[in-house]
Every structure is written in C-alpha cells, then in structure tokens.
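Below is one structure; the comments refer to it alone.
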Amino acid sequence: MITSALQVSGLIHYGYRSSSKPKLVLLDRDGVVNQDVGSPGVICKSQFELTPNAGKAIGKLKRTFNCPVVLITNQSCVGKGLLTLSGLEEIHNHMQSLLLQEDSCAKIDQIYVCTSVREWDVRKKPNPGMIIEACTDWGIDIKSGFDMDSLIFIGDSLTDMQAAKRSGVHNRILVETGYGFDLMGKTKANSVFEIVDKPFFSSKPAACNELIEVAPFFYAENLEKAVEWIVQG
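Numbers given in the numbering used here equal positions in the sequence shown, counted from 1, plus 27.
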C-alpha cells in the first residue's frame, strides 16, 4: 500500500527518523537533478535541463542541514565512446552553473561517476560501490551501521533503489520524474509524502515487481517535493 508518511508512527521502522539530521544526501543525476532524455543520455550540454526547482531544492538542503550533497551517476555513454571525459566535465560544469543560477547555495560537493559498460563493475549501479565510496569519503560509518539512518538517497530508477539498499541506505526516495512514474505503474505521487510498502504491488500489477525487493521506500513527485518533506521532517 501507499501510506502518508504523516500518518505513520515510528518512521524509524521505515528508515526515516525526523529527529535525525542528514549527514549526507546522495542524488542520482538523470531524472532527478536534470530531465532524462532517454538513451544514450545527455551527451552535450545543450541537452541538459534541470528538473523543476532542482537548484532551489539543493540550496534548501544545504542551508537547512549544512550537509554535503553528492551525485551518484552511471554514465556509460563515456564507456561506449559517445562522450569524452572532458565532455562529461563540461556538462557537469554547466549543471553546476545552472544550479547556482537558481540558488547560490546549490553547490554539488562531489560527483561520483561510473563510466563502465560492464554490468559487474562494483561501482556501477545497481552495485553499491559508488555509494560506499562516497560514505567513506564523507566519514559515514558503514561497518557499524550507526550512521545509516542519517543518509538519504534520491533516485528515479530501479538500479538507484537497488544500489541504495545494497549499500545499507535506509532512507530511499523514488521520484516520479525520469523512470519513477512508469516503474510505479503510472501511479502519480500524492502531494503528501508517501511510503510504498510491499502490499502496494499486489494492487498495482502494472508496477515493476522488482521494486518489491527494495520496499519500503518513499515516493515523491520530484526532487523539490522530496526535499520539502525532508526539511519539514
């Protein structure tokens, strides 16, 4: 079922604890920060367009929690020879410029990229390598699990949710933008933040059954709406 997060007591059971200040927020790129353009992805900066109020959302996160915000992104277009590393850097510089135009605090602290075309590459989502790397870089204690409730991952795809779960991130947010809407059987996110639990899938045969393995997770319209809820706690 989909349950309003505001109606659920003891949200720590679902992974989110409103009293816990985020120590690290991890974002997928395509479909979350920018509009997804389909395969093979953004290969020139003219294709790069932010999702609604993405810069304002990231700026709000930074001002409210003073925590690092990083990108975790697969960019196999580089591994396929469709884009050079310098071209990818140009796109990311353009992205950062667009974000800062919206909000002067919307700085991405670090970008983790996997350019490999090998599905078994440990850094390539749905594998957890990049998330583990980011946690190590930003002082998150993965081994003890003590810090895992202070992590938030926001993505739009099955591989995003799988990578987050496999790395131990409890607070997984799927957004409707990008692939999220289709994965959820064309179910629109409500204006109130939602928790998707396993029973939801029995009533939504069009939804991606593979999402069951990463449930429960949160479902929001887009990055802006997800951040609004996180800030409200």
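Don't be surprised by glycine CBs; every beta carbon is placed ideally from N, CA and C.
Between residue i and residue j, is the Cβ-Cβ spacing less than 8 Å?
i      : j      : result
Gly342 : Gly82  : Here the chain comprises residues numbered 28 to 260, so residue 342 is not present and cannot be evaluated.
Phe180 : Ile167 : no
Lys89  : Ala161 : no
Asp209 : Lys152 : no
Leu250 : Thr78  : yes
Gly212 : Ala233 : yes
Val258 : Lys87  : yes
Val96  : Ile135 : yes
Ala266 : Pro226 : Since the first residue shown for the chain is 28 and the last is 260, residue 266 is missing from the structure and cannot be characterised.
Can you tell me the Cα-Cα spacing of residue i and residue j, whole angstroms?
i      : j      : result
Leu238 : Asn198 : 15 Å
Ala253 : Ala247 : 6 Å
Val241 : Arg193 : 9 Å
Asp176 : Ile169 : 11 Å
Ile39  : Ser73  : Note that Ile39 scores a pLDDT of 35, beneath 50, so its modelled location is shaky and nothing firm can be said.
Ala84  : Ser124 : 15 Å
Thr163 : Asn101 : 19 Å
Pro67  : Cys104 : 6 Å
Leu126 : Phe228 : 36 Å
Trp147 : Ser113 : 25 Å
Which residue marks the beginning of the alpha helix (DSSP H) containing residue i, and which one marks its end?
i      : result
Gln137 : First-last for Gln137: 137 to 141, but that is the beta strand (DSSP E), not the alpha helix (DSSP H).
Phe208 : 207 to 210
Is residue i helix, strand or coil by DSSP?
i      : result
Asp57  : strand
Ile239 : helix
Glu160 : helix
Val196 : coil
Val258 : helix
Gly82  : helix
Ile70  : coil
Phe227 : helix
Ile167 : coil
Thr91  : helix
Asn154 : coil
Thr30  : Here the model assigns Thr30 a pLDDT of 42, short of 50, so the residue's position is not dependable, and the following value carries that caveat. It is a strand residue.
Lys252 : helix
Val149 : coil
Val52  : strand
Val105 : helix
For the beta strand (DSSP E) that contains residue i, what are its first and last residues?
i      : result
Leu110 : Counting along the chain, Leu110 falls outside any beta strand (DSSP E), and DSSP gives it neither H nor E.
Ala216 : No beta strand (DSSP E) holds Ala216; DSSP gives it neither H nor E.
Val96  : 96 to 101
Leu178 : 178 to 182
Ala247 : 244 to 247
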